[in-house]
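Chemist:
In my numbering, the protein residues as written are 28 to 125.
Below, the structure written as structure tokens:
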């Protein structure tokens with residue numbers, strides 16, 4: 028959890044093979060799962076958000092990352108809600124607004 032913006036952006040591009048300028052939110056978790064850093068690019072620069080839990084641990088992010096997360100799910104996860112115990116609504120495949 029010692030990396031700053033440039034170090035995190037290098038991890039995203041070199042290790043993950045993704046573009047850190049894409050606008051996606053990249054989440055990094057500490058080894059003990061009590062710290063999280065989020066890296067995101069907006070139109071003018073990078074944001075880094077850091078959260079340290081004083082008690083407890085974040086749930087296992089591996090199950091969540093496979094499917095991708097909505098921003099509301101990410102915020103719930105950061106708030107300590109175990110998303111593996113929740114049920115998602117089925118996505119709607121809409122092609123036309125009527």
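For glycine and all other residues, C-beta sits at the position ideal for the given N, C-alpha and C. Here the structure is a predicted model, which is why all the values come from computation and not from measurement.
Is residue 116 helix, strand or coil by DSSP?
Modeler: Taking the chain shown and counting its residues from 1, the one referred to as residue 116 is at position 89. Correct three-state label for residue 116: coil.
Chemist: Tell me whether the stretch 79 to 98 and the stretch 56 to 66 touch, counting them as touching only if at least three CB pairs, one residue from each stretch, are closer than 8 Å.
Modeler: yes
Chemist: Residue 55 and residue 28: beta carbons closer than 9 Å?
Modeler: As a working mapping, residue 55 is identified with position 28 in the chain shown. As a working mapping, residue 28 is identified with position 1 in the chain shown. Note that the C-beta distance between residue 55 and residue 28 is below 9 Å.
Chemist: So is residue 68 buried or exposed if we call it buried at 16+ other beta carbons inside 10 Å?
Modeler: Residue mapping note: residue 68 aligns to position 41 of the chain shown, counting from 1. With 16 or more Cβ atoms within 10 Å of its Cβ, residue 68 is classed as buried.
Chemist: CA-CA distance, residue 46 and residue 32?
Modeler: Taking the first residue of the chain shown as position 1, residue 46 is located at position 19. Taking the first residue of the chain shown as position 1, residue 32 is located at position 5. Taking the straight line joining both Cα atoms gives about 14 Å.
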